[in-house]
Structures are given as C-alpha cells and as structure tokens.
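Number of protein chains: 2
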Amino acid sequence: MKAQPQSDPQTRILDAAERAFANHGFDGASLRQIVETARVNLATVYYYFRSKEGLLAAVFDRRFGPVHEEHWQALRRIETEFQGRRAPLKKILEAMILPPLRLASGTSRGEIIMRLIGRIVADPNPRIQELLQRQHKDLRVAYLKAIQRSVPHLPKRDLWWRFELLWGAFVFVLCNPSRIEQITDGVCNPSDSNAVLSQMVAVFSAGFRAPAASRRKSTKARRPKGRSR
Amino acid sequence: MKAQPQSDPQTRILDAAERAFANHGFDGASLRQIVETARVNLATVYYYFRSKEGLLAAVFDRRFGPVHEEHWQALRRIETEFQGRRAPLKKILEAMILPPLRLASGTSRGEIIMRLIGRIVADPNPRIQELLQRQHKDLRVAYLKAIQRSVPHLPKRDLWWRFELLWGAFVFVLCNPSRIEQITDGVCNPSDSNAVLSQMVAVFSAGFRAPAASRRKSTKARRPKGRSR
DNA sequence: GTCTATAGGGGGATAGAC
DNA sequence: GTCTATCCCCCTATAGAC
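If you read the protein sequences in the order shown, they are chains G and W.
According to our numbering, the first sequence holds residues 1 to 229 in order.
According to our numbering, the second sequence holds residues 230 to 458 in order.
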C-alpha cells in the first residue's frame with residue numbers, strides 16, 4: 001500500500017517485506033500479504049530471494065550494510081585523528097550512536113526500520129540471531145577496544161557489561177518511538193536525534209567512568225539478596 | 230512437551246502458551262501447537278480464555294501481577310524508611326531492578342518469561358502495547374517521583390529520558406540472556422543476578438547524576454549534525 | 001523474468017453433542 | 001467442562017507453461 005509504482009519489483013518487494021516483518025515479526029509476516037502490497041506475483045519472491053528467510057536477509061543487508069560501513073569510517077576517522085593518543089570517550093560514543101541514528105531519522109521509513117530491529121533483536125530463532133550477529137561481530141570488538149583505551153582503569157568484565165547496557169538502551173528507545181512519545185506525554189521524542197544523542201552520551205559517558213562494580217570472576221547465578229539490602 | 234501431567238488444564242495451557250508466545254511472538258504462535266503441548270482440546274482454550282488475545286493477557290497477568298505487587302511493596306518500604314528525607318538513589322534503583330530480576334532468575338522458566346517480555350516490547354500491535362502499559366503506568370509515575378526527589382537538580386526532560394534508557398538497557402540484557410553470554414564468551418552472564426544488579430546500579434547511579442544534557446524544550450526532530458561534531 | 005496452478009499443510013474461531 | 005466436526009481462510013514452496 002506504500003510501494004512506489006515506478007520502482008522495480010525487487011525494491012517493491014523489499015519495501016513491503018520490511019514493513020511486514022517490522023509489523024508482524026518473521027513468523028507472523030506472510031509472503032502473500034507482502035506480494036500483494038508489492039504488486040508482484042508470489043513466485044517472484046522465490047525467484048529473487050529463494051525463500052522467506054532469504055528475503056529477510058536481503059531486507060537486512062539493504063539497510064544495515066551501509067550503516068555498517070559508516071561505523072567503520074567513523075572508527076577510522078577517530079584513529080587517524082587521535083593516532084596513538086587516547087580518543088575522548090565522547091567521540092567514540094558518538095561514532096557508535098550516530099550511524100544508526102541517521103538511519104532512524106534520515107528517511108520516512110526510519111521508524112519502520114527501527115521497529116524491524118526491535119523484532120529481530122527479540123526473536124530467539126537461532127537462524128535469525130545469526131543474521132544479526134554476522135556483520136556486527138568485528139564491529140563490536142573494534143568499539144570495545146576503542147572504549148577500553150579511553151577508560152583503561154575499567155576491568156574488562158565491567159566494560160563488556162556496560163557495552164551491552166548501552167546497546168540495549170539505544171535499541172529500546174529507537175525501536176518503538178511512538179510508545180515512548182506517548183507515555184512521556186511528548187516530553188521525550190525519539191525522533192529528536194539531538195535529544196537521543198545527548199542523553200545517550202551523558203548517561204554512558206558517566207556510566208563507563210563509574211567505579212567498577214564487579215567483584216570477582218563470579219561462577220554462576222546467585223540470589224541477589226546478599227548484595228542488595 | 231514440558232507441561233506437568235498433574236497440573237490443571239488452565240495451568241498447562243498457560244505454560245505452553247507462555248513458551249509459544251516467547252518463541253514465535255503473538256502472531257507467530259499457534260493455538261493448535263499450544264493445545265498439543267498442553268494436552269488439551271482446542272476448544273478448551275476458548276472456554277477458559279475467550280480468544281488468542283485473552284490467552285496472552287492471562288499469560289501476562291499470571292507473571293507480572295505478582296511482580297507489580299513487589300514493586301509497590303518496595304516503594305512503600307522506601308517511603309516508610311526515609312519518611313520526608315530523600316532516599317538514596319541506589320535504594321530506588323534496587324527497588325526497580327530486583328523484582329523483575331527475581332522473576333528472571335527465580336524459576337526455571339525465567340528465561341522463557343524474559344524472552345516473552347522482549348517479544349511483547351517489540352510488538353507494535355496497539356492492542357498488545359496497551360496490555361503492557363495497563364498496569365505499568367502508575368508504577369512509572371511513582372518511580373519517577375522517587376528518583377526526582379533523589380536527583381532534584383535534574384530537569385524533568387533529562388530525568389524521563391534516562392528513565393527510558395534504564396528500562397531499555399534492563400529489558401535488552403534480560404530478554405535474550407543466551408545471546409549475551411555467547412557474544413561475550415561467557416564473561417557476561419545475565420542469569421548472574423548480582424552482576425546485572427551491580428552493573429545497572431553503577432551505570433545508572435552515575436547516569437542520573439550526570440549533568441543535564443537537554444538544552445531547551447526542543448520542538449521537533451532536527452538533524453543530529455549541529456550538535457554532534 | 002513472470003505467470004498460473006497446485007501441492008500439502010496450517011490458521012482462528014464456533015456450534016452443538018455429551 | 002470437554003469433545004468432535006466444521007467453517008472459511010491463510011500459509012510456504014514448487015512445477016512448469018509462456
């Protein structure tokens with residue numbers, strides 16, 4: 001219902017699929033609804049993308065390939081600017097946050113794409129999780145190294161935990177913007193990129209600089225009682 | 230395939246549904262698979278829960294009703310302990326974090342329940358979002374008031390943003406524990422309640438105390454460029 | 001490259017017997 | 001309360017004509 005008439009079949013399919021996967025999840029989305037929206041025949045999907053899973057992978061690559069590239073460029077820029085010396089934490093956080101933020105706010109489809117991320121992140125299907133991590137792995141390591149150099153006193157364990165908390169906060173805020181705008185009565189608007197960026201940087205600059213919290217290698221799950229009250 | 234033989238039909242249905250909704254999402258889960266796992270007739274679901282949506286609501290209430298109660302108790306305990314005086318931020322953060330954490334680590338089904346939360350949070354269907362917010366609304370206001378008293382200098386806008394970031398980080402870490410354990414090579418284990426609690430408290434104690442980042446009431450979405458580099 | 005036709009199997013929901 | 005039978009619809013995927 002939103003596909004441009006002049007775009008080619010592949011693009012129309014990708015547009016429709018992106019929306020359907022975002023709105024209903026992978027299992028919940030149906031190819032029949034997708035091909036109807038894209039005004040192509042059902043068999044066309046199989047011709048171009050081989051399967052429903054192949055279609056999801058293509059939807060994914062189209063959007064996150066470029067973002068991935070932006071990430072590496074930002075990292076390289078930091079490396080050349082602060083060669084040897086340690087880069088300010090703020091610069092690294094901005095490098096992490098800005099590329100996805102541009103994707104979220106850059107086009108009219110930003111909100112759909114963010115919903116899709118939320119769906120993928122929440123899907124425990126291993127084949128889908130693999131899709132998500134495929135490219136992200138090296139990037140993760142590179143960012144961790146960069147932050148490590150900026151906050152050298154922080155133990156690895158604390159660093160890694162806070163890195164996960166950062167992505168979690170970011171994904172959560174972006175993946176359902178209308179809900180946040182609604183429950184905060186318009187005070188917080190996730191499509192206000194300035195606000196998201198500055199709050200993320202403020203919280204996690206302080207968060208990465210906060211004293212280490214881990215006490216030891218810690219073997220297994222323990223009741224929280226001992227430490228909490 | 231996991232339902233206890235001795236439990237009653239309602240409970241078996243709820244157990245099976247919880248798992249199915251967590252693994253496939255609301256749209257993706259099928260009642261037929263649920264009733265097979267629960268070893269009941271398809272019509273039984275409609276007799277007890279009226280519809281697929283009613284079933285989800287029941288699954289939800291069974292788990293989060295008690296957590297909701299724990300939240301209020303924790304808030305009341307803080308209020309009586311620090312009557313008039315401002316409560317330490319750490320105490321409030323622990324009150325927010327511990328009840329869900331106990332649900333996540335308390336039973337063998339904790340991981341399933343957390344996956345379910347992730348699915349629900351990521352589902353843009355308004356009827357499902359409403360389910361999620363129904364009880365959470367008042368609690369949100371109460372916690373915001375409590376934190377506000379602990380960090381009185383922080384503008385409301387910053388406070389609200391950081392509150393959302395907190396929940397986001399928390400949900401993200403809990404809702405797919407095996408992924409985090411895997412990508413961190415076992416260094417971060419989300420079923421280690423002590424670790425989650427202490428890292429959350431460390432990051433967000435510092436985060437709420439960090440200087441305000443918002444500059445004005447901010448009307449609408451602006452390009453991130455102006456502020457970012 | 002694009003289409004029709006179809007295989008072969010689900011899906012949510014309800015009526016009405018017991 | 002529990003069951004059968006059924007309504008009417010949707011699903012992914014493929015074969016094979018054009």
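Glycine included, each C-beta is placed from N, C-alpha and C at the ideal position.
Just so it is clear, the structure is predicted and the values come from calculations on it, not from any experiment.
Host alpha helix (DSSP H) of residue i (start-end)
i, result
"Gln-33(G)", "31-38"
"Cys-175(G)", "156-175"
"Arg-77(G)", "52-81"
"Ala-251(W)", "238-257"
"His-231(G)", "Residue 231(G) lies beyond the stretch modelled for chain G, which goes from 1 to 229, so this question has no answer here."
"Thr-44(G)", "42-49"
Which of helix, strand or coil DSSP assigns to residue i
i, result
"Val-187(G)", "coil"
"Ala-439(W)", "coil"
"Ile-342(W)", "helix"
"Arg-315(W)", "coil"
"Ser-337(W)", "coil"
"Arg-444(W)", "coil"
"Ala-202(G)", "helix"
"Gln-6(G)", "coil"
"Ala-221(G)", "Bear in mind that the predicted position of Ala-221(G) carries a pLDDT of just 47, short of 50, making it unreliable; the figure below should be weighed with that in mind. Coil, per DSSP."
"Leu-98(G)", "helix"
Chain-ordered residues of the segment 304-323 of chain W with a beta carbon less than 7 Å from chain G: Result list: Glu-323.
Residues, ordered as in the chain, of the segment 388-403 of chain W that lie near chain G by beta-carbon distance below 8 Å: Identification of residues in the segment 388-403 of chain W having a C-beta nearer than 8 Å to some C-beta of chain G yields Trp-389, Trp-390, Arg-391, Glu-393, Leu-394, Leu-395, Trp-396, Gly-397, Ala-398, Phe-399, Val-400, Phe-401 and Val-402, given in sequence order.
Contact residues within the segment 426-439 of chain W, judged by C-beta distance below 9 Å to chain G: Cβ contacts with chain G come from Leu-426, Ser-427, Gln-428, Met-429, Val-430, Ala-431, Val-432, Phe-433, Ser-434, Ala-435, Gly-436, Phe-437, Arg-438 and Ala-439.
Cβ contact check for the segment 174-193 of chain G and the segment 82-95 of chain G: 3 or more pairs under 8 Å: Under the Cβ criterion (8 Å, minimum of three pairs), the segment 174-193 of chain G does not count as touching the segment 82-95 of chain G.
Cβ contact (3+ pairs, closer than 8 Å) linking the segment 168-188 of chain G and the segment 96-116 of chain G: Three or more beta-carbon pairs separated by less than 8 Å link the segment 168-188 of chain G to the segment 96-116 of chain G, which places the two stretches in contact.
At least 3 beta-carbon pairs within less than 8 Å: the segment 374-381 of chain W vs the segment 145-161 of chain G: The segment 374-381 of chain W, when compared against the segment 145-161 of chain G, does not touch it at the 8 Å Cβ threshold.
Short-range partners of chain G found in the segment 274-297 of chain W, where Cβ spacing is below 7 Å: Going along the segment 274-297 of chain W in chain order, one finds no residue with a Cβ nearer than 7 Å to chain G.
Residues from the segment 408-421 of chain W in contact with chain G, defined by Cβ distance under 8 Å: Per Cβ criterion, the list reads Arg-408, Ile-409, Ile-412, Thr-413, Val-416, Cys-417, Asn-418, Ser-420 and Asp-421.
Cβ contact check for the segment 198-208 of chain G and the segment 428-444 of chain W: 3 or more pairs under 8 Å: The segment 198-208 of chain G makes contact with the segment 428-444 of chain W; the number of CB pairs closer than 8 Å reaches 3 or more.
Validate contact between the segment 263-271 of chain W and the segment 244-254 of chain W using beta carbons, cut 8 Å, 3 pairs: Judged by pairs of C-beta atoms under 8 Å, the segment 263-271 of chain W touches the segment 244-254 of chain W, as three or more such pairs exist.
Cβ-based contacts, 9 Å cut-off: residues of the segment 138-152 of chain G near chain W: Under the 9 Å Cβ criterion, the segment 138-152 of chain G contributes Arg-140.
contact_flag[the segment 21-35 of chain G, the segment 117-130 of chain G] where n(CB pairs < 8 Å) is 3 or more: Result yes; three or more Cβ-Cβ pairs closer than 8 Å.
Cβ contact (3+ pairs, closer than 8 Å) linking the segment 335-345 of chain W and the segment 103-114 of chain G: No: the two stretches stay apart, fewer than three of their Cβ pairs being nearer than 8 Å.
Residues of the segment 12-28 of chain G whose Cβ lies closer than 9 Å to any Cβ of chain W, in chain order: Along the segment 12-28 of chain G, going in chain order, the ones with a CB nearer than 9 Å to a CB of chain W are Ala-22, Asn-23, His-24, Gly-25, Phe-26, Asp-27 and Gly-28.
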